[in-house]
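S.K.: All residue numbers for the sequence shown refer to the working numbering, where the first residue is 14 and numbers rise by one. Below is the structure I would like to discuss, written out as structure tokens.
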Amino acid sequence: MRKRSKILAAAVSLAVLAGASGGFPAGAEGAGPPLARKDGAGPASAQIAQIEKLFEASGLKKDLQRMNAAALADGSRLQLFGLPPDEIVIAAKVYSDTFDSKEYYRAVFRVFETHYDRANLAESLQWFLSPLGRKIVAMEVEIQGLDLNQKVARAAKALRSRMPSKKRFDAVKKLERALEETRRLVVSAQSQFQVLSPLDEGFGNEAIAAATENLKGSLLKPLKERVWLSLHHTYDALSDDELSQFVSFAGSPPGQWFYQTRAKGALEAQKRMEDAVEGSLAKIVAGLKSEKDNLLTLQQALPPGIRFLFVGRRDPFKPIFPEKKGLAKFELPKELAKEEEAADETKKAKVQRFGPELKVLTPIPLEIYKRLKDADPIMYGDLEHYARLFRNEKEVYALSDREYLDAIAFYKELIQKAGKKGPDVILSTPLQTPYESLKLAGVLWNGMDPVALFETPDKQGHTVRKGTILGPNYGVVESIDQVKVAVVERQRDFKGAVLSQTREVELYPNATTKE
Numbered sequence: 014m015r016k017r018s019k020i021l022a023a024a025v026s027l028a029v030l031a032g033a034s035g036g037f038p039a040g041a042e043g044a045g046p047p048l049a050r051k052d053g054a055g056p057a058s059a060q061i062a063q064i065e066k067l068f069e070a071s072g073l074k075k076d077l078q079r080m081n082a083a084a085l086a087d088g089s090r091l092q093l094f095g096l097p098p099d100e101i102v103i104a105a106k107v108y109s110d111t112f113d114s115k116e117y118y119r120a121v122f123r124v125f126e127t128h129y130d131r132a133n134l135a136e137s138l139q140w141f142l143s144p145l146g147r148k149i150v151a152m153e154v155e156i157q158g159l160d161l162n163q164k165v166a167r168a169a170k171a172l173r174s175r176m177p178s179k180k181r182f183d184a185v186k187k188l189e190r191a192l193e194e195t196r197r198l199v200v201s202a203q204s205q206f207q208v209l210s211p212l213d214e215g216f217g218n219e220a221i222a223a224a225t226e227n228l229k230g231s232l233l234k235p236l237k238e239r240v241w242l243s244l245h246h247t248y249d250a251l252s253d254d255e256l257s258q259f260v261s262f263a264g265s266p267p268g269q270w271f272y273q274t275r276a277k278g279a280l281e282a283q284k285r286m287e288d289a290v291e292g293s294l295a296k297i298v299a300g301l302k303s304e305k306d307n308l309l310t311l312q313q314a315l316p317p318g319i320r321f322l323f324v325g326r327r328d329p330f331k332p333i334f335p336e337k338k339g340l341a342k343f344e345l346p347k348e349l350a351k352e353e354e355a356a357d358e359t360k361k362a363k364v365q366r367f368g369p370e371l372k373v374l375t376p377i378p379l380e381i382y383k384r385l386k387d388a389d390p391i392m393y394g395d396l397e398h399y400a401r402l403f404r405n406e407k408e409v410y411a412l413s414d415r416e417y418l419d420a421i422a423f424y425k426e427l428i429q430k431a432g433k434k435g436p437d438v439i440l441s442t443p444l445q446t447p448y449e450s451l452k453l454a455g456v457l458w459n460g461m462d463p464v465a466l467f468e469t470p471d472k473q474g475h476t477v478r479k480g481t482i483l484g485p486n487y488g489v490v491e492s493i494d495q496v497k498v499a500v501v502e503r504q505r506d507f508k509g510a511v512l513s514q515t516r517e518v519e520l521y522p523n524a525t526t527k528e
């Protein structure tokens with residue numbers, strides 16, 4: 014009886030579980046996938062088509078189309094984490110003003126493109142198209158359509174009528190570990206608290222710092238228990254055998270690829286949205302710090318009916334800038350990490366910054382990079398985003414070891430994909446071959462611009478003018494004179510800086526290089 018009461022009491026707090034089964038509340042209008050190549054052909058468009066099929070079959074498309082700011086700035090969840098009502102209201106308002114459903118959808122889609130794996134995608138698609146896969150997706154869609162109060166009521170009713178067996182609940186726990194639902198909620202909250210942390214200073218309290226600590230300690234266990242309850246309720250109609258099959262898929266390589274990529278996409282989309290949240294929040298915090306500007310700032314930022322509640326709340330005898338006790342570092346709790354963490358949480362980061370680990374972030378030929386702005390604006394924007402990150406040393410040093418290594422891995426894959434875009438954005442010619450395979454046969458002067466004559470390995474002749482793309486690294490012909498052709502190779506490094514070197518192809522063999 015005590016066990017039943019404990020579970021029933023836990024069910025009352027199910028409001029925190031808006032996203033515990035991967036679903037979000039209804040809201041934003043339909044968003045579209047990233048922009049495909051204009052010609053609609055080639056491997057890139059084939060990958061996009063496969064990802065779109067997976068999004069449709071898995072229910073992720075509907076999930077993202079229903080996504081809105083309330084799923085991130087969920088008042089019930091933030092209240093559970095310990096945030097006061099005034100900070101929750103501001104957080105909800107700022108997230109609502111900056112949320113863009115299409116950009117969120119595209120950010121998630123882009124992560125699936127970056128982590129594209131044909132074999133795992135095919136097996137995942139086959140699973141979601143199976144009768145059991147379709148049944149599971151239908152269950153998830155049904156729970157997504159409920160508001161928080163309805164979820165709590167249904168969960169409580171189900172638990173009153175039938176308690177799960179130990180075997181059943183053990184399977185639910187295995188499913189939670191495979192889906193990493195608690196980890197996803199914790200990482201999402203950590204990112205959110207990092208953005209909202211200035212509110213502590215604005216209101217002269219340490220509510221967000223305390224919530225961050227709670228995520229690493231007192232809230233971790235009850236949060237995981239609520240996730241278990243949510244998963245049990247969502248998949249209650251599955252038989253024990255069906256649930257076992259679901260657990261097996263979720264823990265398999267294809268299942269891990271899908272659910273981990275989905276989690277990475279959601280976090281990346283959230284962080285992109287939070288770039289805009291930071292700017293809006295800074296204005297509000299500035300107003301909260303100044304009694305003179307307080308009213309005007311809040312009038313502009315908050316809706317009628319609540320914006321006047323915050324004016325004059327500060328104790329005039331309390332310092333505007335309270336003594337800093339240090340915010341907790343945003344690290345994943347040991348209980349949820351895949352790797353074993355050191356027991357002493359006060360130790361400094363073990364992974365060095367700006368060292369040999371960055372050698373994997375190879376330069377991109379500038380001619381390819383420039384064309385991506387029109388050919389693939391989303392990839393171009395992603396590259397710009399990471400270049401800004403690595404230019405900001407302060408921001409890089411603020412990352413945890415896990416976040417730093419994840420950023421490098423993600424950026425590396427992005428750079429590799431960009432480098433392979435050459436044939437898609439630049440017309441391939443026999444002249445794009447190693448310099449030692451090219452022979453400068455002569456130079457023609459016709460009273461205007463000189464024209465160089467090159468012979469390629471296939472014994473064919475080609476004319477080359479200033480501006481022609483030449484060589485394996487997409488160099489551009491800079492000048493032509495009587496005895497040589499100068500080719501400038503420009504590349505964009507991981508910080509966005511342009512590097513260049515000049516190759517000179519002489520009329521008489523042996524190319525030389527000038528840095």
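Where is the CB? At the ideal position from N, CA and C, for every residue including glycine. This structure is a prediction, so every number in the text was calculated from the model and none was measured.
(1) Closer than 8 Å by C-beta to Asp-534: which residues in its own chain qualify, once you throw out the five before and the five after it? Chain order, please.
(2) Can you check which of these residues, Gln-473, Val-154, Leu-466 and Tyr-117, is closest to Gly-278 by C-alpha distance?
(3) Thinking just about the alpha-carbon of each residue, which of Glu-426, Gln-445, Trp-458 and Phe-467 is nearest to the one in Lys-452?
(4) Taking the beta strand (DSSP E) that Lys-452 falls in, what are its first and last residues?
(5) Under the DSSP definition of a beta bridge, which residues are partnered with Gln-514?
(6) What would DSSP say about Ala-86, mapped onto helix, strand or coil?
(7) From which residue to which residue does the alpha helix (DSSP H) around His-128 run?
(8) Under a Cβ-count criterion, where at least 16 other Cβ atoms within 10 Å of its own Cβ denotes burial, should Arg-79 be classed as buried or exposed?
(9) Flag this pair as yes or no: are the beta carbons of Gln-504 and Pro-390 separated by less than 7 Å?
(10) Below 8 Å on the Cβ atoms is my guess for Val-489 versus Val-501; work out the distance and round it to an integer in Å.
(11) Can you tell me whether Leu-483 is helix, strand or coil according to DSSP?
(12) May I have the straight-line CA-CA distance separating Glu-380 from Tyr-487, to the nearest angstrom?
(13) Counting only the same chain and skipping the five closest in sequence on each side, list residues whose C-beta sits under 6 Å from that of Val-373.
(14) Give the straight-line distance between the Cα atoms of Phe-182 and His-398, rounded to the nearest whole angstrom.
(15) Check this for me: beta carbons of Val-185 and His-245, under 7 Å apart or not?
(16) Give the straight-line distance between the Cα atoms of Asp-213 and Thr-225, rounded to the nearest whole angstrom.
(17) Between which two residues does the beta strand (DSSP E) harbouring Phe-467 extend?
(18) For Val-124, list the residues DSSP reports as bridge partners.
(19) DSSP state of Ser-492, grouped into three classes?
(20) Count the other CB atoms, across all protein chains shown, that sit within 10 Å of the CB of Gly-72; report buried if there are 16 or more and exposed otherwise.
(21) Whole angstroms are fine: how far does the CA of Tyr-417 sit from the CA of Ile-428?
(22) So, are the CB atoms of Ile-221 and Ser-231 less than 7 Å apart?
(23) Would you kindly report the start and end of the unbroken alpha helix (DSSP H) that includes Gly-474?
(24) Roughly how many whole angstroms lie between the Cα atoms of Arg-275 and Ala-499?
(25) Got a sec, what are the start and stop residues for the alpha helix (DSSP H) Glu-153 sits in?
(26) On a CA-only basis, which of Ile-421, Glu-153 and Gly-264 is nearest Lys-508? Give me that one, please.
(27) Considering only the alpha carbon of each residue, which of Ala-223, Ser-137 and Ile-61 lies closest to Pro-266?
(28) Measuring CA to CA, which of Met-286, Gly-292, Lys-148 and Leu-520 is closest to Ser-114?
(29) Using a Cβ-Cβ cutoff of less than 7 Å, which residues in the same chain neighbour Gln-63 once the five nearest sequence positions on both sides are dropped?
(30) How many angstroms separate the CA atom of Glu-155 from the CA atom of Ser-243?
(31) Take the Cβ of Gln-375 as the centre, count every other Cβ of all protein chains shown within 10 Å, and call the residue buried at 16 or more, exposed below.
(32) What does the alpha-carbon distance come out to for the pair Asn-81 and Ala-282?
(33) Report the rounded CA-to-CA distance for Lys-434 versus Gly-394, giving the unit in angstroms.
(34) Compare the Cα-Cα distances from Trp-458 to each of Lys-430, Phe-125 and Gln-495 and report the closest residue.
(35) Starting from Asp-113, trace the alpha helix (DSSP H) in both directions and tell me its first and last residue.
(36) On the three-state DSSP scale, how would you describe Glu-408?
M.R.: From the atom records:
(1) Because the chain is modelled from 14 through 528, residue 534 falls outside the range shown and cannot be assessed.
(2) Along the sequence shown, one-based indexing puts residue 278 at 265. Out of Gln-473, Val-154, Leu-466 and Tyr-117, Tyr-117 has the C-alpha closest to the C-alpha of Gly-278.
(3) Here residue 452 corresponds to residue number 439 of the sequence shown, with the count starting at 1. Per the Cα distances, Phe-467.
(4) For the purposes of this step, residue 452 is taken as the residue at position 439 of the sequence shown. Membership of Lys-452 in the beta strand (DSSP E) is indicated by the continuous run 452–457.
(5) For the purposes of this step, residue 514 is taken as the residue at position 501 of the sequence shown. Answer by DSSP bridge pairing, in chain order: Glu-502.
(6) Mapped onto the sequence shown, residue 86 falls at position 73. DSSP places Ala-86 in coil when its eight states are reduced to three.
(7) The residue you call residue 128 lines up with position 115 of the sequence shown. Neither: His-128 is in no alpha helix (DSSP H) and is coded neither H nor E.
(8) Within the sequence shown, the letter at position 66 stands for residue 79. Counting Cβ neighbours within 10 Å, Arg-79 comes out buried, since at least 16 surround it.
(9) Mapped onto the sequence shown, residue 504 falls at position 491. Mapped onto the sequence shown, residue 390 falls at position 377. In this structure, Pro-390 does not lie closer than 7 Å to Gln-504 by Cβ.
(10) Taking the first residue of the sequence shown as position 1, residue 489 is located at position 476. Taking the first residue of the sequence shown as position 1, residue 501 is located at position 488. That belief holds up - the Cβ atoms of Val-489 and Val-501 are roughly 6 Å apart, short of 8 Å.
(11) Counted from its first residue, the sequence shown places residue 483 at position 470. Three-state DSSP puts Leu-483 in a strand.
(12) The count along the sequence shown starts at 1 and reaches residue 380 at position 367. The count along the sequence shown starts at 1 and reaches residue 487 at position 474. Each residue's Cα considered, the two are about 7 Å apart.
(13) Along the sequence shown, read from residue 1 onward, the residue named residue 373 stands at position 360. Same-chain partners within the cutoff: Lys-425.
(14) Taking the first residue of the sequence shown as position 1, residue 182 is located at position 169. Taking the first residue of the sequence shown as position 1, residue 398 is located at position 385. Within the model, the alpha-carbon separation for Phe-182 versus His-398 is close to 43 Å.
(15) Along the sequence shown, read from residue 1 onward, the residue named residue 185 stands at position 172. Along the sequence shown, read from residue 1 onward, the residue named residue 245 stands at position 232. For the 7 Å CB-CB criterion, Val-185 and His-245 form a contact.
(16) By 1-based counting over the sequence shown, the position of residue 213 is 200. By 1-based counting over the sequence shown, the position of residue 225 is 212. Using only the alpha carbons, I get a separation of about 12 Å.
(17) Taking the sequence shown and counting its residues from 1, the one referred to as residue 467 is at position 454. 464–468 is the span of the beta strand (DSSP E), which, as asked, contains Phe-467.
(18) Here residue 124 refers to the residue found at position 111 of the sequence shown. DSSP lists no bridge partner for Val-124.
(19) Here residue 492 corresponds to residue number 479 of the sequence shown, with the count starting at 1. Here Ser-492 sits in strand by DSSP.
(20) For the purposes of this step, residue 72 is identified with residue 59 of the sequence shown, where counting begins at 1. In summary, Gly-72 is buried, with 16 or more beta-carbon neighbours lying within 10 Å of its beta-carbon over all protein chains present.
(21) The count along the sequence shown starts at 1 and reaches residue 428 at position 415. The count along the sequence shown starts at 1 and reaches residue 417 at position 404. One C-alpha to the other measures close to 16 Å.
(22) Here residue 221 is taken as the residue at index 208 of the sequence shown, counted from 1. Here residue 231 is taken as the residue at index 218 of the sequence shown, counted from 1. No; because the gap between Cβ atoms is not below 7 Å, this pair is not in contact.
(23) Counting from one through the sequence shown, the residue named residue 474 turns up at place 461. First-last for Gly-474: 474–477, but that is the beta strand (DSSP E), not the alpha helix (DSSP H).
(24) In the sequence shown, the residue the question calls residue 275 occupies position 262. In the sequence shown, the residue the question calls residue 499 occupies position 486. C-alpha separation (whole angstroms): 48 Å.
(25) On the sequence shown, residue 153 is found 140 positions in, with the first residue counted as 1. Note, Glu-153: alpha helix (DSSP H), 144–157.
(26) Locating residue 508 in the sequence shown gives position 495, counting from the first residue. For the residues Ile-421, Glu-153 and Gly-264, the minimum Cα distance to Lys-508 belongs to Ile-421.
(27) Residue 266 sits at position 253 when you count from the first residue of the sequence shown. Closest option to Pro-266, Cα to Cα, is Ser-137.
(28) Taking the sequence shown and counting its residues from 1, one reaches residue 114 at position 101. Of the listed residues, the one whose Cα sits closest to Ser-114 is Met-286.
(29) In the sequence shown, the residue the question calls residue 63 occupies position 50. Correct list, in chain order: Leu-134.
(30) Along the sequence shown, one-based indexing puts residue 155 at 142. Along the sequence shown, one-based indexing puts residue 243 at 230. Distance between the alpha carbons of Glu-155 and Ser-243: 13 Å.
(31) The residue you call residue 375 lines up with position 362 of the sequence shown. In the sequence under discussion, the amino acid at residue 375 is Thr, which differs from the Gln named in the question. With fewer than 16 other Cβ atoms within 10 Å, it is exposed.
(32) Along the sequence shown, read from residue 1 onward, the residue named residue 81 stands at position 68. Along the sequence shown, read from residue 1 onward, the residue named residue 282 stands at position 269. Roughly 12 Å separates the two Cα atoms.
(33) Counting from 1 along the sequence shown, the entry for residue 434 is found at position 421. Counting from 1 along the sequence shown, the entry for residue 394 is found at position 381. Cα-Cα distance, rounded: 15 Å.
(34) The count along the sequence shown starts at 1 and reaches residue 458 at position 445. Per the Cα distances, Gln-495.
(35) Here the question's residue 113 lines up with position 100 in the sequence shown. Here Asp-113 belongs to no alpha helix (DSSP H), and DSSP marks it neither H nor E.
(36) Position 395 of the sequence shown, counted from the first residue, corresponds to residue 408. Here Glu-408 carries a helix assignment [DSSP, helix/strand/coil].
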